[in-house]
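Shown next, in structure tokens, is the structure this report addresses.
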Amino acid sequence: MRYSTGIKQLNDLMEGGIPEKSAVMLLGPPGAGKSTFTFEMTYTNLNDKVPCIYLTTNDKPDMVRRKMLAFNFDISKHADLMIFIDGYSWRRSPGNSGGYLLKSITNLTDAIITIKTAMKDNDFKNGLFIIDSLSDFLLYNEPQELYKFLQIITAEIKKTNSVGLVSIEEDLHDQKAISTLSYLTDGVMKMKTADGQRQLQIQKMPRTKHKLGWVNFTINKGIELYVQEFFE
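Count along the sequence shown from 1, add 268, and you get the number used in the working numbering.
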């Protein structure tokens, strides 16, 4: 089974999408389009009746919903399939997060327990699991502890026949950390901006034949790729 990215042109480059039992890193600088990518993939899979767990560290769940709606990604009709884990509100008063809440992003054991609880409570399987962004965890924890955290979450993703997508802010971390995270994940997709143009590259993807070049894309009401030619 493969999970749609929500972008037909990208699915076509990956034999139909991201294969199940895979954890994929989405790497790029701020503003490259990573969160938009997670929005579109979430919305598309919800429409396909795929359950989704979305761990947000950049905004409260309500704000994520509003940002999705700005792209016409209305997830309100999929409340039974959409599970939020609030990794943002610990900075301030939690309020009503509309889902599960991390007490602190510095406590990875608590984060693992919360994620596993969300999966168990909702009988999560054959689903999509997203962390946006893993960078916040790396900023507040020792790298070795974060690597263990990622390995445990990846094991849960594979055990549930699901697919995971974790975003990383490339410019915030040293190359050793990025290389280690790339090694620990099954797939890597990279985004960048060059000469005023957004570009995307599939660096690796398990059980998938794909090209390695860069492809241009734009963001309007979602992401649109232009795959007529690749840029090495």
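Built from N, CA and C at the ideal position, the CB exists for glycine as well.
- Message: Can you tell me whether LYS289 is helix, strand or coil according to DSSP?
- Response: Working through the sequence shown from its first residue, we reach residue 289 at position 21. In this structure, LYS289 counts as coil in the three-state DSSP scheme.
- On a CA-only basis, which of CYS320, THR312 and PHE352 is nearest ASN326? Give me that one, please. Position 58 of the sequence shown, counting from 1, holds the residue named residue 326. Measuring from the Cα of ASN326, the nearest candidate turns out to be PHE352.
- Continuous beta strand (DSSP E) stretch holding SER435: start and end: Taking the first residue of the sequence shown as 1, we reach residue 435 at position 167. 431 to 437 is the extent of the beta strand (DSSP E) around SER435.
- Inter-residue spacing [alpha-carbon to alpha-carbon] between GLU492 and LEU281: Residue 492 sits at position 224 when you count from the first residue of the sequence shown. Residue 281 sits at position 13 when you count from the first residue of the sequence shown. Straight-line Cα distance between these residues: approximately 13 angstroms.
- Message: At the level of alpha carbons, what is the spacing between MET387 and ILE425?
- Response: Along the sequence shown, read from residue 1 onward, the residue named residue 387 stands at position 119. Along the sequence shown, read from residue 1 onward, the residue named residue 425 stands at position 157. The alpha-carbon atoms of MET387 and ILE425 are separated by roughly 10 angstroms.
- Neighbourhood of LEU337 by C-beta, 7 angstroms cutoff - its chain only, sequence neighbours within 5 removed: In the sequence shown, residue 337 corresponds to position 69, counting from 1. Here the set comprises nothing.
- Message: Check for me: the alpha helix (DSSP H) holding THR448 runs from which residue to which?
- Response: Here residue 448 is taken as the residue at index 180 of the sequence shown, counted from 1. Where THR448 is concerned, the enclosing alpha helix (DSSP H) stretches over 443 to 452.
- Do you know whose CA, among SER303, PHE305, TYR494 and HIS478, lies nearest GLY284's CA? The residue given as residue 284 occupies position 16 in the sequence shown. The option with the nearest alpha carbon to GLY284 is HIS478.
- Item | Option nearest THR324 by Cα separation, candidates THR306, THR377, ASP439 and LEU349 | Here residue 324 corresponds to residue number 56 of the sequence shown, with the count starting at 1. The residue with the shortest Cα to Cα distance from THR324 is THR306.
- Count the other CB atoms within 10 Å of the CB of LYS302; is the residue buried (16 or more) or exposed (fewer)? One-based indexing of the sequence shown puts residue 302 at position 34. Buried: at least 16 other Cβ atoms inside 10 Å.
- Message: Could you check whether the segment 271 to 281 touches the segment 415 to 429, counting it as contact only if at least three pairs of C-beta atoms, one from each stretch, sit closer than 8 angstroms?
- Response: no
- Item | 7 angstroms CB neighbourhood of PHE498 in its chain, flanking five on each side removed | For the purposes of this step, residue 498 is taken as the residue at position 230 of the sequence shown. Only weak support exists for where PHE498 lies, its pLDDT of 47 falling under 50; the coordinates are left without a value.
- Query: LEU278: buried (16+ other C-beta within 10 angstroms of its C-beta) or exposed?
  - Reply: Within the sequence shown, numbered from 1, the residue matching residue 278 stands at position 10. Classification for LEU278: buried.
- Mapping DSSP to helix, strand and coil, what is VAL332? Sequence index remark: in the sequence shown, residue 332 carries index 64 (1-based). Three-state DSSP puts VAL332 in a helix.
- Message: Looking only at its chain, what residues have a beta carbon closer than 6 angstroms to the beta carbon of LEU295, apart from the 5 residues adjacent to it on each side?
- Response: Residue numbering aside, residue 295 sits at position 27 when the sequence shown is read from its first letter. Around LEU295: ILE436, GLU438 and LYS458.
- Item | Helix, strand or coil at MET387 according to DSSP, with G and I counted as helix | Looking up residue 387 in the sequence shown gives position 119. It is helical.
- Beta-bridge pairing of ILE491 - partner residues as DSSP gives them: By one-based count along the sequence shown, residue 491 stands at place 223. According to DSSP, which records beta bridges pairwise, ILE491 is partnered with ILE487.
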